[in-house]
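Q: After the structure tokens below, expect a handful of questions from me.
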Amino acid sequence: MYSSLTLTAVSESERTVSGEEMKETKEQLRVRVGQIIRALKKTYPQATCALNHANPFELLIATILSAQCTDDRVNIVTANLFRKYRKPEDYGVAPREELERDINSVTFFRNKAKSIQEASRLLIEKHNGQVPRTLEELVELPGVGRKTANVVLGTAFGIPTGVVVDTHVSRLSQRLGLTENKQPEKIEADLIELLQKKDWIDFSHRLIWHGRRVCQARKPMCEKCSLETFCPSSTLKK
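Residue 345 in our numbering is what sits at position 210 of the sequence shown, and the numbering runs on without skipping anything.
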């Protein structure tokens with residue numbers, strides 16, 4: 136991992152060892168992470184989850200639907216879905232084929248319809264129809280993995296149980312030099328080590344917003360980026 140902070144903090148002679156740029160220390164990385172957090176907060180002070188929802192249960196359903204599907208598409212589907220199905224009991228008694236038709240424009244809609252119905256029934260049986268507030272209980276629900284549980288707990292209840300790592304957080308964490316890993320679980324572990332717990336929820340929301348608006352996958356807009364100064368992958372430095 137290399138950083139622009141290293142370039143400004145040391146002299147030209149100190150930057151090279153056998154002709155190579157010095158590697159960023161853990162302390163320098165933590166300083167740079169703090170700068171990134173402050174820049175994101177200034178740029179996106181109101182950033183939050185992009186999935187439309189009015190309560191924790193709707194967020195749970197929307198997050199299940201969002202697996203390998205865009206938030207925009209999910210929001211189109213849930214606009215009608217949430218008017219028709221308002222509580223776990225509504226999903227639990229609905230004919231499977233009808234629910235499939237109601238969500239058939241999202242990816243893997245048959246598997247998701249099954250997961251939603253089974254999760255709804257389990258909520259009724261074990262949780263009084265309420266969304267549980269622990270990671271351990273949430274991941275027991277069909278269709279709910281660690282990322283979905285982190286989204287629900289962080290957004291709906293303000294409980295920081297981890298760092299949400301979606302495609303944007305994964306891409307930007309690598310570009311910013313915050314991780315060298317590519318698997319979401321390992322990226323999350325790296326971010327948890329770098330971030331204070333109080334920053335876990337908002338950091339993901341803001342990084343996702345930044346990934347959608349500026350640091351896009353195919354062509355990052357480095358000239359417009361509020362993090363460019365702290366980013367070792369900036370095309371302006373090449």
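In this text, a Cβ means the ideal position worked out from N, Cα and C, and glycines have one as well. Nothing here was measured: the structure is a model prediction, and the numbers come from that model.
For a test of your reading of the model: does the CB of Q351 fall under 7 Å from any non-hydrogen atom of the ligand FMN? Yes or no.
A: Although the ligand FMN was asked about, the structure shown includes no ligands whatsoever.
Q: Taking the alpha helix (DSSP H) that N246 falls in, what are its first and last residues?
A: In the sequence shown, the residue the question calls residue 246 occupies position 111. From DSSP, the alpha helix (DSSP H) with N246 extends over 244 to 262.
Q: Among I343, G293, A197, whose alpha-carbon lies nearest the alpha-carbon of T302?
A: Residue 302 sits at position 167 when you count from the first residue of the sequence shown. That would be I343, whose Cα lies nearest to the Cα of T302.
Q: Around the Cβ of E149, are there at least 16 other Cβ atoms within 10 angstroms (buried) or fewer (exposed)?
A: Translated into the one-based positions of the sequence shown, residue 149 becomes position 14. Because E149 sits at a pLDDT of 34, beneath the cut-off of 50, its placement in the model cannot be relied upon, and the point is left open.
Q: In whole angstroms, give me the CA-to-CA distance for K79 and E233.
A: The structure shown has nothing for residue 79, since the chain only spans 136 to 373.
Q: Work out the CA separation of K158 and L270 for me, nearest whole Å.
A: By one-based count along the sequence shown, residue 270 stands at place 135. By one-based count along the sequence shown, residue 158 stands at place 23. Each residue's Cα considered, the two are about 36 Å apart.
Q: My output table needs one value for G169: the three-state DSSP class, helix, strand or coil.
A: Here residue 169 is taken as the residue at index 34 of the sequence shown, counted from 1. G169: helix per DSSP, three-state reduction.
Q: Please state whether DSSP places T357 in a helix, a strand or coil.
A: Indexing the sequence shown from 1 puts residue 357 at position 222. For the record, residue 357 in the displayed sequence is Cys; it is not Thr. In this structure, C357 counts as helix in the three-state DSSP scheme.
Q: With 16 other CB atoms within 10 Å as the buried threshold, where does P355 fall?
A: If you number the sequence shown from 1, residue 355 lands on position 220. Buried.
Q: Looking at V212 and S240, is the spacing between their C-beta atoms short of 8 Å?
A: Locating residue 240 in the sequence shown gives position 105, where the first residue counts as 1. Locating residue 212 in the sequence shown gives position 77, where the first residue counts as 1. In contact: S240 and V212 (Cβ atoms closer than 8 Å).
Q: Is the CB-CB distance between A182 and R341 below 8 Å?
A: Here residue 182 refers to the residue found at position 47 when the sequence shown is read from its first residue. Here residue 341 refers to the residue found at position 206 when the sequence shown is read from its first residue. It is a contact, given that the beta carbons lie within the stated cut-off.
Q: Considering only residues of the same chain and omitting the five flanking positions on each side of S153, which have a CB-CB separation below 7 Å?
A: For the purposes of this step, residue 153 is taken as residue 18 along the sequence shown, with counting starting at 1. Residue placement at S153 is poorly supported in this model, since its pLDDT is 36, which falls under 50; the coordinates still yield a value, given next. The answer is none, since no qualifying residue turns up.
Q: By the three-class DSSP mapping on this structure, what secondary structure does G297 have?
A: As a first step, residue 297 is located in the sequence shown; it is residue number 162 there, counting from the start. If DSSP states are grouped into helix, strand and coil, G297 belongs with coil.
Q: Give me the residue from A229, D237, P223, I172 with the minimum Cα distance to N215.
A: Taking the first residue of the sequence shown as 1, we reach residue 215 at position 80. The shortest Cα separation from N215 among A229, D237, P223, I172 belongs to D237.
Q: Spatial neighbours of C366 within its chain, please: C-beta separation below 6 Å, excluding the five flanking residues on both sides.
A: Translated into positions along the sequence shown, residue 366 becomes position 231. The residues are L311.
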